[in-house]
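Engineer: Mind having a look at this structure? Questions to follow.
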Amino acid sequence: MHMRFLDWLVVLVPLAVVVLIALRTRRHTQSVADFMAAGRVARRYLLCTAQGEASYGLISAVAAFELLYVAGFTIAWWQKLSFITALLLALSGYVTYRYRQTRVLTLAQFFEIRYSKSFRIFAGGIAFLSGVLNYGIFPAVGARFFVYFCGLPPLLTVAGCTVPTFALLMALFLGAALLLTIGGGQLTIMVTDCVEGLISGLFYLVVIFALLALFRWDQIASALAAQPPGHSLLNPFDSLQLKDFNIWYHCCPV
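Under the working numbering, the residues of the sequence shown are numbered 92 to 345, in order.
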């Protein structure tokens, strides 16, 4: 796929909107509480939308497509078991309610108050190491996706040196995330994530209607039903022979 003018508009216009909103929210960051916890004034809708968008990156989409490609709709049935548990825990306020009552700004601060400064440093070291590994994988997957999806050249020449395009995109993604974080802290992150969630929600609807217009449901059902016994992509009780992403994937995640 090669990007045309309209394709670039679809990418750049929402990006410009998010950047402008991020710049405007910076002036509202006037204290440590604003920077670390958005001033503790975020409401449910903003929190839910921002959390949903923040937890769904490009690598999450890649993983979801792989999961559906292997297991079809059977995996959705088994996922409902974990959804019910998560919903009950969220409604009960388990852990979260008590944590918010402490009025701490970060989990690290809670560790030092509850345990000790040494434990806070130890936990911070683990989080730092995990973050380094995480940001060595997630942005790389996203960058490679854009290289192939947008038809970008795999190599670019910068100042006489040939560098992989995905490495430059990785630096761009991480730099943008870093600027948003440093520029306005949690307040800017939450507002921009919420706006991104609203924009991406519209795009999801467009993609859904486009796919339904291109493919008839009977075609989809026929393709999913054409599987051998034990490998069903529709019946969750006839999918135990799937190599991955069956009931044991949810019951025994280790």
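No residue lacks a Cβ here, since even glycine has one placed at the ideal position from N, Cα and C.
For clarity, every value in this text was computed on a predicted model and none was experimentally measured.
(1) Counting along the chain, where does the beta strand (DSSP E) carrying Val-132 start and finish?
(2) Look at Gly-275 and Ala-113 and say whether their C-beta atoms are less than 8 Å apart.
(3) Can you grab the Cα-Cα spacing for the pair Val-123 / Pro-245, in whole Å?
(4) Using a Cβ-Cβ cutoff of less than 6 Å, which residues in the same chain neighbour Leu-100 once the five nearest sequence positions on both sides are dropped?
(5) Consult DSSP for Val-186 and reduce its assignment to one of helix, strand or coil.
(6) Going by the beta-carbon positions, is the gap between Phe-202 and Arg-211 smaller than 8 Å?
(7) Measuring straight from C-alpha to C-alpha, what distance separates Met-281 and Val-297?
(8) With 16 as the cutoff for other CB atoms within 10 Å, does Cys-139 come out buried or exposed?
(9) Can you give the Cα-Cα distance for Ala-317 and Asn-225, rounded to whole angstroms?
(10) Applying the criterion that 16 or more other CB atoms from any shown protein chain within 10 Å of the CB defines a buried residue, is Pro-320 buried or exposed?
(11) For the region 150-166 against the region 295-312, do three or more pairs of beta-carbon atoms, one drawn from each stretch, fall closer than 8 Å, so that the two count as touching?
(12) What's the C-alpha gap between Tyr-185 and Ser-209?
(13) Can you give me the Cβ contacts of Tyr-239 inside the same chain, cut-off strictly under 7 Å, excluding the 5 residues immediately before and after it?
(14) Have a look at the DSSP bridge pairing and note the partners of Val-249.
(15) For Lys-208, report the span of its alpha helix (DSSP H) as first-last.
(16) Starting from Ser-313 and walking both ways along the alpha helix (DSSP H), at which residues does that stretch end?
(17) Under 8 Å by Cβ, that's how I've got Leu-247 and Leu-259 pegged, so tell me the actual separation to the nearest angstrom.
(18) Can you list, in chain order, the residues of its chain whose CB lies under 7 Å from that of Asp-125, leaving out five sequence neighbours each side?
(19) With Leu-243 and Thr-256 assumed to form a contact (beta carbons below 8 Å), what rounded beta-carbon distance in angstroms separates them?
(20) Just tell me which of Ser-183, Leu-198, Asp-329, Leu-302 has its CA closest to the CA of Ala-128.
(21) Between the C-alpha atoms of Glu-157 and Thr-165, what's the straight-line distance to the nearest angstrom?
Structural biologist: A quick look at the data gives this:
(1) That residue, Val-132, is in no beta strand (DSSP E); it is neither H nor E in DSSP.
(2) yes
(3) 43 Å
(4) none
(5) coil
(6) yes
(7) 25 Å
(8) exposed
(9) 38 Å
(10) exposed
(11) no
(12) 26 Å
(13) none
(14) Cys-252
(15) 208-240
(16) 308-316
(17) 6 Å
(18) His-119, Gly-276, Leu-278
(19) 5 Å
(20) Leu-198
(21) 13 Å
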